[in-house]
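Visitor: Protein chains in written order, with this note's numbering: chain A, 1026 to 1140; chain B, 8 to 117.
Just so it is clear, CB atoms sit at the ideal spot from N, CA and C, and this is done for glycine as well.
These numbers come from a predicted model, not from an experiment.
I have a structure here, written as structure tokens, and I will follow up with some questions on it.
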């Protein structure tokens, strides 16, 4: 049981390049999330998907797009990377509100550097 | 929008000392969760509190939810080096998304 798997673990981009962070979960969870973590800022929600077929903006969505490809997979795309997007990105999943306890399981993280 | 503030941001303690982190909101929260992130790791769920005045314990960790459901605390008794990490509180917004506080980073000197 792998839980939540993120790829890649590390990536260096040049300003203006694009890339997609992949996330997959094997727990049959309904909801999936993308957070970014910066020093002193905690975890900030970028986008989330409450259920398959739906996505919604979080606290810091600008510069990002997401796709809930199916129930298992939720990808995060940077169309034109900027140095301000240098961060550690975490994908997470949960059973969702229907379970009454929206507990998140996190992936190991993807460290992105934009030069 | 609704936010939670965590204090302190950093705490250094001697091994064996107690440690407390606080999570405060200006509005009533439906629930509060606590997560721990080890250095270089990812956040891991510790506990959820739902009821006013609720107190839960996990070994040396004690979690409280305030009577007004506007604040919460995590207290660690007799810290150990294995307690090192960042502790986050988080709450579910009205659309189900989970919003995190800034975290408290705990350093323990052996």
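Less than 8 Å between CB atoms is the rule here; does residue 1137/A satisfy it with respect to chain B?
Guide: It does not; no Cβ of chain B falls within 8 Å.
Visitor: Taking 8 Å as the cut-off, decide whether the C-beta atoms of residue 1030/A and residue 1049/A are in contact.
Guide: Contact flag set, yes.
Visitor: Taking C-beta pairs closer than 9 Å, name the residues in chain A that residue 40/B reaches, listed in chain order.
Guide: Going along chain A in sequence order, the residues near residue 40/B (Cβ under 9 Å) are 1126, 1127, 1128, 1129.
Visitor: So the beta strand (DSSP E) residue 1063/A belongs to, where does it begin and stop?
Guide: Residue 1063/A -> beta strand (DSSP E) spans 1056-1063.
Visitor: Is the stretch 10-25 of chain B touching the stretch 1068-1079 of chain A in the sense that three or more CB pairs, one from each, lie closer than 8 Å?
Guide: Contact between the stretch 1068-1079 of chain A and the stretch 10-25 of chain B is absent, because fewer than three Cβ pairs lie under 8 Å.
Visitor: Sort 1042/A, 1076/A, 1037/A, 1102/A by Cα distance to residue 1054/A and report the nearest one.
Guide: The candidate whose alpha carbon is nearest that of residue 1054/A is 1076/A.
Visitor: Which ranges would you report for the beta strand (DSSP E) in the stretch 31-93 of chain B if only whole runs of at least 3 residues count?
Guide: As far as the stretch 31-93 of chain B is concerned, its whole beta strand (DSSP E) runs of at least 3 residues are 39-44, 50-56, 62-65, 68-72, 78-83.
Visitor: I want to see whether chain A comes within less than 8 Å of residue 117/B, judged by CB atoms only; does it?
Guide: No - not a single Cβ of chain A is within 8 Å of the one on residue 117/B.
Visitor: Quick one: any contact between the stretch 87-100 of chain B and the stretch 30-38 of chain B, if contact means 3 or more CB pairs under 8 Å?
Guide: Enough Cβ pairs lie closer than 8 Å, so yes.
Visitor: Would you grab the beta carbon distance between residue 1056/A and residue 1118/A for me? Rounded to a whole angstrom, and I think it's under 8 Å.
Guide: Sure, about 6 Å apart at Cβ, within 8 Å.
Visitor: Nearest chain B C-beta to residue 1094/A closer than 8 Å, yes or no?
Guide: Not one chain B Cβ lies under 8 Å of residue 1094/A.
Visitor: Using a Cβ-Cβ distance cut-off of 8 Å, determine whether residue 1089/A contacts chain B.
Guide: So, not an interface residue.
Visitor: Since residue 1129/A contacts residue 1058/A with CB under 8 Å, what's their CB separation in whole angstroms?
Guide: Yes, they are in contact, since the Cβ atoms of residue 1129/A and residue 1058/A sit about 7 Å apart, within 8 Å.
Visitor: Consult DSSP for residue 21/B and reduce its assignment to one of helix, strand or coil.
Guide: Strand, per DSSP.
Visitor: Counting only beta-carbon separations shorter than 8 Å, does residue 1099/A have a partner in chain B?
Guide: Cβ-Cβ to chain B under 8 Å: no for residue 1099/A.
Visitor: Figure out for me which residue from 51/B, 24/B, 104/B, 41/B has the closest Cα to the Cα of residue 1028/A.
Guide: Out of 51/B, 24/B, 104/B, 41/B, 51/B has the C-alpha closest to the C-alpha of residue 1028/A.
Visitor: Which class does residue 1110/A belong to by DSSP, given the choice of helix, strand or coil?
Guide: Residue state, collapsed to three classes: helix.
Visitor: What does the Cβ neighbour count give for residue 1127/A, buried or exposed, with the cut at 16 atoms within 10 Å?
Guide: Residue 1127/A should be labelled buried.
Visitor: Helix, strand or coil: which one does DSSP assign to residue 1075/A?
Guide: DSSP places residue 1075/A in coil when its eight states are reduced to three.
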